[in-house]
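The numbers in our numbering rise by one with no breaks, and the one at position 84 of the sequence shown is 87. Glycine residues also receive a C-beta, built at the ideal position from the N, C-alpha and C atoms.
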Amino acid sequence: MRIVCALLLVLLAGASGAADPDTAETLAQVRDFEVASLDTRSIEIRDGTARFEVRVQWRDPAQRPPQAAASRVIRYAARCADKTLGVIAVATLDQNGRMLKSFVIPPGGTDFLPAADGSREAQWLGQACR
Numbered sequence: 004m005r006i007v008c009a010l011l012l013v014l015l016a017g018a019s020g021a022a023d024p025d026t027a028e029t030l031a032q033v034r035d036f037e038v039a040s041l042d043t044r045s046i047e048i049r050d051g052t053a054r055f056e057v058r059v060q061w062r063d064p065a066q067r068p069p070q071a072a073a074s075r076v077i078r079y080a081a082r083c084a085d086k087t088l089g090v091i092a093v094a095t096l097d098q099n100g101r102m103l104k105s106f107v108i109p110p111g112g113t114d115f116l117p118a119a120d121g122s123r124e125a126q127w128l129g130q131a132c133r
């Protein structure tokens, strides 16, 4: 019985250690060494909600570690009437544009927050909700 319990503990510890630390929320943050641009062709407005994508890439691709994703695409939903937006998905891509991993917020799980005045998010919101 002790052997079974010990084996179970080892398996559980290995599974928790293998968990991916990245989440959609952390991957949606644009860092100083990255550039982000709104894909205006991705803008869709339906029932007062705009959906759009932002591509995030390394400012200097030579600085990218070999194991890191080359870019990512952040999918936002924006409530145009109350000027709030939230992340609904993030996809990480390799240098050839192939998807490495997709992080999706389940329906109803998105937190819609106002964008800070003058921020890039506020600019994207303004462009998407024209």
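When the distance is taken between beta carbons, is residue j closer than 8 Å to residue i?
i: S115; j: R82; result: First, the amino acid is wrong: residue 115 is Phe here, not Ser. Yes, these two residues count as a Cβ contact at 8 Å.
i: A72; j: D42; result: no
i: R62; j: F36; result: yes
With a threshold of 16 other CB atoms inside 10 Å of the CB of residue i, please say whether the residue is buried or exposed.
i: G100; result: exposed
i: R75; result: buried
i: L128; result: buried
i: E56; result: buried
i: A119; result: exposed
For the alpha helix (DSSP H) that residue i lies in, which residues bound it at each end?
i: G129; result: 123-131
i: T29; result: 27-30
By the DSSP assignment, the beta strand (DSSP E) with residue i in it spans what residues?
i: D90; result: One point to set straight first is that residue 90 is Val, not Asp, in the sequence displayed. V90 -> beta strand (DSSP E) spans 87-96.
i: T113; result: Premise fails: T113 is in no beta strand (DSSP E) and is neither H nor E.
i: R67; result: Taken as a continuous stretch (DSSP letters only), R67 belongs to no beta strand (DSSP E), as it is neither H nor E.
Out of the options, point me to the one whose CA is closest to residue i's CA.
i: Q70; options: T95, A125, P109, G51; result: T95
i: P84; options: S105, V59, F106, I48; result: In the sequence as displayed, the identity of residue 84 is Ala instead of Pro. Out of S105, V59, F106, I48, I48 has the C-alpha closest to the C-alpha of A84.
i: P109; options: W61, L103, E124, V93; result: V93
i: R123; options: E28, T29, T26, V33; result: V33
i: G89; options: V107, T113, Q66; result: T113
i: V38; options: I91, Q66, Q60; result: Q60
i: E28; options: Q130, S40, A125, S105; result: S105
i: L53; options: S40, K86, A80; result: The question names Leu, but residue 53 in the sequence shown is Ala. For the residues S40, K86, A80, the minimum Cα distance to A53 belongs to A80.
i: T87; options: V107, G51, L103; result: G51
Taking 7 Å as the cut-off, is the beta-carbon of residue i closer than that to any non-hydrogen atom of the ligand NAP?
i: G51; result: Inclusion of the ligand NAP in the displayed structure is not the case, the ligand content being empty and no account of it being possible.
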